[in-house]
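To start, the structure under review is shown below, and the notes come after it.
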Amino acid sequence: MKLARNIFSVMMGVVILASNVYAHGPTPQRVDEQLVLSADIDDVWQVVADFSSIGDWHPQVTVVEMTDDTTRVISIEGQQGTITESLDESDAERRYISFRLLREDITVIPVSFYSIAIQLEAVDAGTEVTWRGRFYRGDTGNFPPENLSDAAAVEAMTAYARNGLEGLQQSLAK
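Counted the way mature numbering (1 follows the signal peptide of the UniProt record, and there is no 0) counts, the sequence shown spans residues -23 to -1, 1 to 151.
Written out as structure tokens, the structure reads:
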């Protein structure tokens, strides 16, 4: 009887440990995009550093409403809802700006959270712009639907970064 109880205890321990292996949430995802612009770093910084101006250069952003100096509500082309972003840091000396998703709408961008950092660096050809995004998928449960999965989040955030960099390039070429 004692042996049976010990075997049962060991088996239950294995089951509990095994279930913990499968009970995890989403893993952080990332997007790192770069583009060299044939523009002076000061000119690029002037555009990027203005937190309220993203609608002037990002082709997906159709409306920007500043609620205060560090918070913006943006509308994305073709989407019904809005998302709210908050400025974390803007460093003119380092030519670095970062912001994060403050209020999500997974119907606009299928992520539950993101932070974005944009870094400028002077290079021979002009200015290298690096866009780094860190984010979590829209459904943070263990079995997300396809439209809120890691793949959907990576696809949406990659498009957001690439379109932003290309839009920045086009706006500076004018």
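Ideal Cβ positions, reconstructed from N, Cα and C, are used throughout, including at glycine. Quick caveat, the model's predicted, so the values are computed rather than measured.
Rounded to a whole number of angstroms, what is the C-alpha to C-alpha distance between residue i and residue j?
i	j	result
Ala102	Ser15	6 angstroms
Glu62	Leu78	5 angstroms
Val8	Gly55	22 angstroms
Glu105	Phe76	19 angstroms
Ile95	Ile74	5 angstroms
Apart from the five residues on each side of it in sequence, which residues of its chain come closer than 6 angstroms, Cβ to Cβ, to residue i?
i	result
Ala128	none
Gly115	Ile83, Pro87, Val88, Ser89 and Leu125
Pro38	Per the sequence shown, the amino acid found at residue 38 is Val instead of Pro. Hits under 6 angstroms: Ile31, Gly32 and Ile51.
Arg80	Thr61
Assuming residue i contacts residue j (C-beta within less than 8 angstroms), just tell me the rounded distance between them.
i	j	result
Ser89	Thr117	5 angstroms
With a threshold of 7 angstroms, establish whether the CB of residue i neighbours any heavy atom of the ligand SAH.
i	result
Gln23	The ligand SAH is not among the ligands present in this structure, which contains no ligands whatsoever.
Verify whether the separation of the beta carbon atoms of residue i and residue j is less than 8 angstroms.
i	j	result
Thr59	Asp82	yes
Leu97	Val25	yes
Tyr113	Pro5	yes
Looking at the secondary structure, which residues open and close the beta strand (DSSP E) in which residue i lies?
i	result
Val64	For the record, residue 64 in the displayed sequence is Leu; it is not Val. Its beta strand (DSSP E) spans residues Thr59 to Asp68.
Leu125	First-last for Leu125: undefined, no H or E at that position.
Between residue i and the rest of its own chain, which residues show a CB-CB distance below 7 angstroms, the 5 nearest in sequence each way excluded?
i	result
Val100	Val13
Ala136	none
Gln146	Leu12 and Leu14
Thr44	Val50
Looking at the unbroken alpha helix (DSSP H) that takes in residue i, where does it start and where does it end?
i	result
Val24	Ile18 to Ala26
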